[in-house]
Structures are given as structure tokens and as C-alpha cells.
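Residue numbers (my numbering): 2 to 182.
For each residue, glycine too, the CB sits at the ideal point set by N, CA and C.
One structure is given here, and the rest of the page talks about it.
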Amino acid sequence: MKYYGNYKKLIKPEWIDSLLENKGIEISPWKDHDESNNYNEIDLNQTLVNDEKEQELYINGAYDENLIMAEIFDQRNIPFKLDLGELNSFLRGDWWIVKQKPGQFMPLHRDTPNIHDNNFRFWMPWTDYSQGHVFIHEGEFIKNYSSGDLYRYNQDNDLHGSVNIGLTTRIVLQISQKELP
Ligand SMILES: [Fe+2]
């Protein structure tokens, strides 16, 4: 994980309140569903783990498909206008906000098996680290971060996942982008 500094000044406290109050699009293994509760299959080629055997386990049965992993906010349902000031051009890439309530999890995975133009993932927690907010990146537990910290990893290759075993909701902005603006 490469650290790019802290941008907490760009995050409006009322955005966090509104994300906590509103419900996002719930995602399950390996489906997400839209606001009208239609489930969409997630492209399973994007869940590459270590090898075909792990991939098979991953897709078939290792995780209960009825569990809720997180809620997502993106252009479809964000309840405010996302304006990141000096980081605005960053939002040219794909971006989405992950809201992870206590008990929710994202199994270890790689984002994509194919190298493409936007091959970095920027990870920006909006909530301060709190005990139980686990994020694992390439075997390392990333903790003691602060709201607004901006990190980057290689989304093609890096194995990562998260779980919330704390008592408060975690909110993270993710951006898929080639480089910093
Ligand atoms: Fe990911």
C-alpha cells in the first residue's frame, strides 16, 4: 500500500451522516442488487483468487450467498453531489463508496485478473480506524489509519479483503484509476 497523504479536509461531515442514514445497494457473494431489488450476477472472472481450485471453492459454497457483504453507493444512488475539490479529476475513473456495517465482510480477492488501463485502486477511508475494522492487504492488517488517508494498491495482483468486527460502521471511498490526477 502506497500512502499519498491525508485529504480529510475534502470530506464533508454531512456526507458521512447521509451515508449512515441512507441504505446503499446491498451486495452478496456473488450478486449485487439494484434499488428495485433485482439481483445482478457479479462477473466471476473478477473474483480471481490463487488458482482454479480456490476459485472453484470461492464461487461454489465457501460463502453463503445470502449474506450481505456491504452496501455500495455510486453514481446511481449517492445521496449528495460528490465534490472532492483538488482530487476531482480523480473521479474520472470508476468510483464507489463501500459502507460496511458490523458483521459485514469482503472475502479475500483480487479485483481483476486482466491488466487494463485503470490498474490501480485507491482506498480512502472516510471513517477513522476503529478497533474491529479489519482490512487485509497482501497478508498485512492495515490499521491505525485516519479519515481522509489516501492509499493505493495494484488492483490486478494484490490479494485483499475486509471484515467489520467492530461496533461502528466503516465507510471507504474506492477509486479505480491509473494514477493520481
Ligand atoms: Fe477489491
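Exposure label - residue i; buried when at least 16 CB within 10 Å
i	result
ASP84	exposed
TYR146	buried
LEU21	exposed
ASN165	buried
PHE136	buried
ALA63	exposed
LEU168	exposed
Length of the line joining the Cα atoms of residue i and residue j
i	j	result
VAL99	ILE17	12 Å
LYS144	TYR130	6 Å
LYS3	LYS10	20 Å
TYR40	ASN120	Residue placement at TYR40 is flagged as unreliable, the pLDDT there being 47, under the threshold of 50; the coordinate-derived value follows with that caveat. Straight-line Cα distance between these residues: approximately 27 Å.
GLN178	ASN89	12 Å
GLU27	GLY6	30 Å
ILE73	ASP112	16 Å
LYS205	ASP65	Since the first residue shown for the chain is 2 and the last is 182, residue 205 is missing from the structure and cannot be characterised.
TYR152	PHE123	6 Å
GLU139	ASP157	12 Å
TRP127	ILE172	5 Å
GLU15	LEU92	20 Å
PHE142	GLU87	29 Å
PRO108	TRP96	20 Å
ASN76	GLY25	Checking the displayed sequence, the identity of residue 76 turns out to be Gln instead of Asn. Rounded to whole angstroms, GLN76 to GLY25 spans 11 Å at the Cα level.
PHE106	ASN67	13 Å
PRO30	ALA71	10 Å
Residues bridged to residue i [DSSP beta-bridge criterion]
i	result
PHE142	ILE137
PRO108	Answer by DSSP bridge pairing: none, since PRO108 is not bridged.
ASN7	ASP150
LYS100	GLU72, ILE172
Supposed contact pair residue j and residue i - C-beta distance, whole angstroms, cut 8 Å
i	j	result
PRO80	SER19	5 Å
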